[in-house]
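First residue of the sequence shown? That's 1 in the working numbering, and the numbers climb one at a time after it.
Data block below; observations after.
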Amino acid sequence: MLFFILLLVMIVVVIVLIFVLLLALDKKDSSPKKPTPIELTNAKAKEQFNTVLAEQTMSLQKKLLTSADDINKTFIVSLEKITNTQLKEFTAATRVILQKTMTDLQSVASENTEAAQQARVTLATVTTEAKVTAMKKVDSQIAELMISYLVEVAGTLDYQQQKDYLYTALDSHKDELKKDIEKSVV
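If you want it as structure tokens, here you go:
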């Protein structure tokens with residue numbers, strides 16, 4: 001988002017500079033003499049040029065905003081798909097592990113109380129390992145998505161100015177994903 005705001009500001013600055021230059025050129029020739037037909041034609045041409053320039057600038061600005069919105073929407077949809085897929089896989093794997101562990105626990109509990117305690121520890125370990133594995137998959141998928149997003153906008157992106165924002169955005173989203181995964185396991 002910050003990138004697009006910076007891009008918009010840069011476009012506005014360029015437009016203002018062009019208009020200032022055109023105004024400066026108009027002020028140089030402010031003598032009281034009568035304009036010649038060529039000067040009148042040049043003035044009309046400048047006015048037409050300024051009109052076309054303003055129209056094209058607005059058109060370019062609209063196209064840039066539309067492109068930025070499309071890229072953001074595609075990024076969000078891809079991220080949602082990856083997250084949903086990974087959460088479903090994680091939930092299914094956790095259920096299988098939990099079911100197997102519960103079955104093992106029941107058989108062990110009937111044989112020996114000490115063995116039942118060990119099975120509880122094993123269940124906790126297996127569940128933790130499943131969480132770690134799922135988080136690594138989600139991190140990997142997010143990293144791949146982020147790389148493809150950065151490659152798509154690489155021609156216009158200033159990484160040094162954007163890296164803090166990107167890291168912050170990804171870290172805040174990662175925390176949300178971790179919370180969702182932990183809630184679904186419990």
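A virtual CB, placed ideally from N, CA and C, is assigned to each residue, including glycine.
In the three-state reduction of the DSSP assignment, Lys-178 falls in the helix class. Within 10 angstroms of the beta-carbon of Phe-90 lie 16 or more other beta-carbons, which makes it buried. The three-state reading of DSSP puts Lys-34 in coil, since its state is none of H, G, I, E or B. The C-beta of Ala-143 has fewer than 16 other C-beta atoms within 10 Å across all chains shown, which makes the residue exposed. Cβ contact annotation for Asp-70 (same chain, cutoff 7 Å, sequence separation greater than five): none. Note that the C-beta distance between Ile-82 and Gln-141 is below 7 Å.
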